Amino acid sequence: QVQLVESGGGLVQPGGSLRLSCVASRSLSTISTMGWYRQAPGEQRKWVAIISSNGTPTYESSVKGRFAISRDNAKNTVYLEMNSLRPEDTAVYYCNADLGGPNNAWGQGTQVTVSA
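Per the numbering used here, the very first residue in the sequence shown carries number 2; after that it's consecutive.
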């Protein structure tokens, strides 16, 4: 198993930026795909961005060009750089580790609120 701890959320004005971090309890070199998901009030959790073991990112269409996912295997950390934030980006953001087959690990989440 692996434990994931997110940080970096907060309150930001529309158009602002935040960087989320997710630290894993074991080396990321042993984990293929890492991802960020978000859940807004009253909605289901949805994927935002994923990054493969070789560093290839994939983005949900509404965040493409505004968000950037990266991974630093030496620091066991995955990042989500969020720019040009909009009120509709408000959600709890969760880090995910694909452990193979049906196995996934989730962090506890970090709140991002975009409001004037």
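Every residue gets a Cβ at the ideal spot worked out from N, C-alpha and C, and that includes glycine. None of these values were measured; they are calculated from a predicted model.
field: DSSP state of P58 mapped onto helix, strand, coil
entry: As a first step, residue 58 must be located in the sequence shown, where it is residue number 57. P58 falls in the strand class under three-state DSSP.
task: Quickly, what does DSSP pair V115 with across the bridge? List them, please.
output: Taking the sequence shown and counting its residues from 1, one reaches residue 115 at position 114. Paired residues: V13.
message: Quick check on E182: buried or exposed, where buried means 16 or more other Cβ atoms within 10 Å of its Cβ?
response: Shown here, the chain extends from 2 to 117; a query on residue 182 therefore has no answer.
query: Span of the beta strand (DSSP E) holding T78?
result: Your numbering for residue 78 matches position 77 in the sequence shown. That run of the beta strand (DSSP E) goes T78 to M83.
query: Tell me, which residues are paired with E7 by DSSP?
result: Translated into the one-based positions of the sequence shown, residue 7 becomes position 6. DSSP output for E7 lists C23 as bridge partner(s).
- prompt: Hey, A69 and E82: beta-carbon distance below 8 angstroms or not?
  reply: Here the question's residue 69 lines up with position 68 in the sequence shown. Here the question's residue 82 lines up with position 81 in the sequence shown. Cβ distance < 8 angstroms, so A69 and E82 count as in contact.
- request: Starting from K47, trace the beta strand (DSSP E) both ways and give me its first and last residue.
  value: Translated into positions along the sequence shown, residue 47 becomes position 46. First-last of the beta strand (DSSP E) with K47: K47 to I52.
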